[in-house]
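Chemist: With numbering that gives the first Met the number 0, letter number 1 in the sequence shown gets 0, and the count goes up by one each step, no holes.
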Amino acid sequence: MSQFNIEEITSMTAKEIDLKELFSALVRKKNYVLAISSISLVFGFAYAFIQKPIWEGMFQVVIKKDTNSLNKFTSDLEISSLLNNGAASDLKTELAILKSPSIIKPIYDYVKLTKSQSGKDVSKWSFYKWKETNLNIELEQGTSIVSLKYRDKDKEIIIPVIDRISSAYQAYSGSERKRGINQGLIYL
Numbered sequence: 000m001s002q003f004n005i006e007e008i009t010s011m012t013a014k015e016i017d018l019k020e021l022f023s024a025l026v027r028k029k030n031y032v033l034a035i036s037s038i039s040l041v042f043g044f045a046y047a048f049i050q051k052p053i054w055e056g057m058f059q060v061v062i063k064k065d066t067n068s069l070n071k072f073t074s075d076l077e078i079s080s081l082l083n084n085g086a087a088s089d090l091k092t093e094l095a096i097l098k099s100p101s102i103i104k105p106i107y108d109y110v111k112l113t114k115s116q117s118g119k120d121v122s123k124w125s126f127y128k129w130k131e132t133n134l135n136i137e138l139e140q141g142t143s144i145v146s147l148k149y150r151d152k153d154k155e156i157i158i159p160v161i162d163r164i165s166s167a168y169q170a171y172s173g174s175e176r177k178r179g180i181n182q183g184l185i186y187l
C-alpha cells in the first residue's frame, strides 16, 4: 500500500498542471469564488472611503564642499584626495545634523501644538516615533543631495512644516559658516 502511494505521488509530480481541470474546478466552485471576490471588493471599497489620505511634501538640499578654504598652492591631486576622503564623511555628518533633534525637535513641537489646537489628543505622542513615521531623510545614491519627505494626514500643515525644517537647517548651516569665518579672522 505504501508503494502505491509513492508511485501515485511520483506520477502526480511528473504530470504538468492540466488547465482544463483547473478551469472546470473553478467553474464548479464559481459560487465560492464569486462570494469571496465580492466580499473582498466590498471591504476594499469601504476601506478606501473610510481611510483618510496621507499627504506628502518634500524638498532637497544640495550639500557642497567648500573648496575656498583650501590653500591656493595646494596641487590638484591633493585637492582631489582631500575632497574624496572627506566628502563621504561630510555628507554623513550633514545628514546626521539634518536628522538631529536640535533641528527636528522644534518642528515636532510646532506640529504637536498645531494638532492640539485643532482638538487632537497629542498627550501620548513620542518624538522618535513621530520622526520615524512622518519624516524620511535620506541621501540620494551617489550624489550630495539630501531628500527630506514629510507625511501627514492634515494637508494644511505640510507646507509650513517643510518651510520650518528648511529654515532651521539654513539657520544652522549659516551659523556654521559664520563660526568658521570668525575663527579664521581670529586666527589671522
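Glycine residues also receive a C-beta, built at the ideal position from the N, C-alpha and C atoms.
Model, not experiment: these values are computed from the prediction.
Could you spell out the range, first to last residue, of the alpha helix (DSSP H) harbouring residue 59?
Modeler: From DSSP, residue 59 is part of no alpha helix (DSSP H) but of the beta strand (DSSP E) over 54-61.
Chemist: Is residue 164 closer than 8 Å to residue 147 when the C-beta atoms are compared?
Modeler: Yes; because the gap between Cβ atoms is below 8 Å, this pair is in contact.
Chemist: Run through DSSP, which three-state label would residue 121 get?
Modeler: Coil, per DSSP.
Chemist: Pairing CB atoms from the segment 52-63 with CB atoms from the segment 152-164, are three or more of them under 8 Å?
Modeler: The answer is yes - the segment 152-164 touches the segment 52-63, with three or more Cβ pairs under 8 Å.
Chemist: Would you call residue 20 buried or exposed, if buried means 16 or more other Cβ atoms sit within 10 Å of its Cβ?
Modeler: With fewer than 16 Cβ atoms within 10 Å of its Cβ, residue 20 is classed as exposed.
Chemist: Since residue 135 sits in a beta bridge, which residues does DSSP pair it with?
Modeler: According to DSSP, which records beta bridges pairwise, residue 135 is partnered with 148.
Chemist: Given that a residue counts as buried once 16 or more other Cβ atoms are within 10 Å of its Cβ, and exposed if not, what is residue 103?
Modeler: Buried.
Chemist: Over the uninterrupted alpha helix (DSSP H) stretch that includes residue 102, give me the two end residues.
Modeler: Element bounds for residue 102: 100-116.
Chemist: Quick check on this structure: which residue in 23, 169 and 152 has the alpha carbon closest to the alpha carbon of residue 59?
Modeler: Nearest C-alpha to residue 59: 169.
Chemist: Using three-state DSSP, classify residue 210 as helix, strand or coil.
Modeler: Outside the displayed span of the chain (0 to 187) sits residue 210, for which this structure offers no information.
Chemist: Could you check what DSSP says for residue 50 in three-state terms: helix, strand or coil?
Modeler: Correct three-state label for residue 50: coil.
Chemist: What number of angstroms, rounded off, separates the C-alpha of residue 144 from the C-alpha of residue 171?
Modeler: Taking the straight line from one Cα to the other gives about 17 Å.
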